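S.K.: I have a structure I would like to understand better, so I am pasting it below and will then ask my questions one at a time.
Numbering (the numbering used here), first residue to last: 15 to 471.
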């Protein structure tokens, strides 16, 4: 299939301009003022799928943002691959830290700089162009369906119901996802597992209104002080989470698998230097890579209360707030963990304050067996284009809907991502190297070819 590289070179500029037409639409699902942008982006995706060779593509309603569905069915007796991606992106704040306009993509030093360049417009778009090549060159070996949602960055809340409603339409042999990363440009890897997620909003209330800190300080509880103490008590001196029952269902990885994972190259000194930290930190008894791949964690994602503006204000605030999340591993039930945290945190509050925990979104962890046909197909595809056998890795991130696909549709997913840790997804200055973008387009057709062979059809 050497023609793919010629096709990429001949269409390089067009591919980029089409991708940029998606990136320029500020499809931020977390911000209500971008509701119309979500629809615009969905419609642009529909146009691009039809232009790439889909027999049909449509923008379909859901309980929230629309879902883009497209398909090309060449033979009902052949295998079907369902490509999943998302067109929504994270907010861009703090805007002052961006070196370029986040929604005006530019290429500098062979890297695309923009929000969504990697996550997930760039990675999803690779599939559209690989599909285009296979259709136009008569090399498509199986049926292909596309499903692109607009709520992944806020938990995919509406997609669960959409999948329940459209099970027949979404029937497939595997779901192909590129929304993950590789170890490095020269070290290919396949994500064999994702952590799950729970998220809560916490409110701590003390007095019924803000008070003068001089007149009342020391006599009335400060909700911010209480909240900080409660949060600090969520971990012990060994980095273990103190919520009773939190670890009861954690899948313990064998020494053999831990040894296999340890073969992945990792330079801790370079890791610390890149992040400008003196030391790593986490659960005792596990390496840095293990802490982010096979162990759960709990973090405060935001905390505020009282006066945070310019200047000083001697106030004892009425309320304090925090956003808290956990990343979960295989066998942990995110709904069970969500309830455990709520009960524990509310019960831990002293009588001088009232604590309310409101569960937000969540999702289960996911594991992709290394012996399934789709994994072998992805492994062979990457070995063809990179000249190396990819390393299986467990990602610290979460794509909750992937576990939902397996539960609702009964379909396993293969996570063949081409992002890099340096792409700064979710942060200012998100970027995506051109070499990764084009290598993805080159690799994907080999996956299809190998997958059909693995299934013997």
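Where is the CB? At the ideal position from N, CA and C, for every residue including glycine. Note that the structure is a prediction, hence the values are computed from the model and not measured.
I'd like to check one pair, residue 298 with residue 252: are the Cβ atoms closer than 7 Å?
M.R.: It is a contact, given that the beta carbons lie within the stated cut-off.
S.K.: Give me the Cα-Cα distance between residue 312 and residue 339, rounded to the nearest whole angstrom.
M.R.: Those two C-alpha atoms are separated by around 6 Å.
S.K.: Who are the Cβ neighbours of residue 321 in its own chain at under 8 Å, not counting the five residues just before and after it?
M.R.: Around residue 321: 327, 329, 331.
S.K.: Quick check: what's the CA-CA separation for residue 57 versus residue 162?
M.R.: The straight-line gap from Cα to Cα measures roughly 11 Å.
S.K.: Please identify the residue among 72, 166, 101 whose C-alpha is closest to the C-alpha of residue 159.
M.R.: Of the listed residues, the one whose Cα sits closest to residue 159 is 72.
S.K.: Can you tell me the Cα-Cα spacing of residue 128 and residue 263, whole angstroms?
M.R.: Using only the alpha carbons, I get a separation of about 40 Å.
S.K.: Output the distance between the C-alpha atoms of residue 464 and residue 391, rounded to the nearest integer angstrom.
M.R.: Spanning the two alpha carbons is a distance of roughly 5 Å.
S.K.: Rounded to the nearest angstrom, what separates residue 21 and residue 213 at their Cα positions?
M.R.: Taking the straight line from one Cα to the other gives about 44 Å.
S.K.: Taking Cβ to Cβ, would you say residue 211 is nearer than 7 Å to residue 412?
M.R.: Their beta carbons are under 7 Å apart, which means residue 211 touches residue 412 by this criterion.
S.K.: Return yes when at least one heavy atom of the ligand SAH lies under 6 Å from the C-beta of residue 84, else no.
M.R.: Among the components modelled here there is no ligand, and therefore nothing to report on the ligand SAH.
S.K.: Assign residue 311 to one of three DSSP states: helix, strand, or coil.
M.R.: Three-state DSSP puts residue 311 in a strand.
S.K.: Going by the beta-carbon positions, is the gap between residue 473 and residue 442 smaller than 7 Å?
M.R.: In the structure displayed, the chain extends from 15 to 471; residue 473 sits before or after that span and is not available.
S.K.: Residue 286 to residue 292, Cα distance in whole Å?
M.R.: For residue 286 and residue 292, the distance between alpha carbons rounds to 6 Å.
S.K.: Nearest by alpha-carbon distance to residue 97: which of 363, 193, 376, 65 is it?
M.R.: The candidate whose alpha carbon is nearest that of residue 97 is 193.
S.K.: Take residue 94 as the anchor and find which of 254, 189, 278, 421 has the nearest alpha-carbon.
M.R.: Comparing Cα positions, the closest option is 189.
S.K.: Note down, in chain order, each residue of its chain lying with its Cβ closer than 6 Å to the Cβ of residue 138, except the 5 sequence neighbours on either side.
M.R.: The residues are 99.
S.K.: Residue ranges of each alpha helix (DSSP H) run of no fewer than 4 residues wholly in the segment 194 to 266, ordered along the chain?
M.R.: List check, alpha helix (DSSP H) in window: 227 to 230, 237 to 246.
S.K.: Per DSSP, residue 163 is paired with what?
M.R.: Paired residues: 100.
S.K.: Starting from the Cα of residue 205, find the closest Cα among 174, 389, 226, 170 and give me that residue.
M.R.: Nearest option by C-alpha distance: 389.
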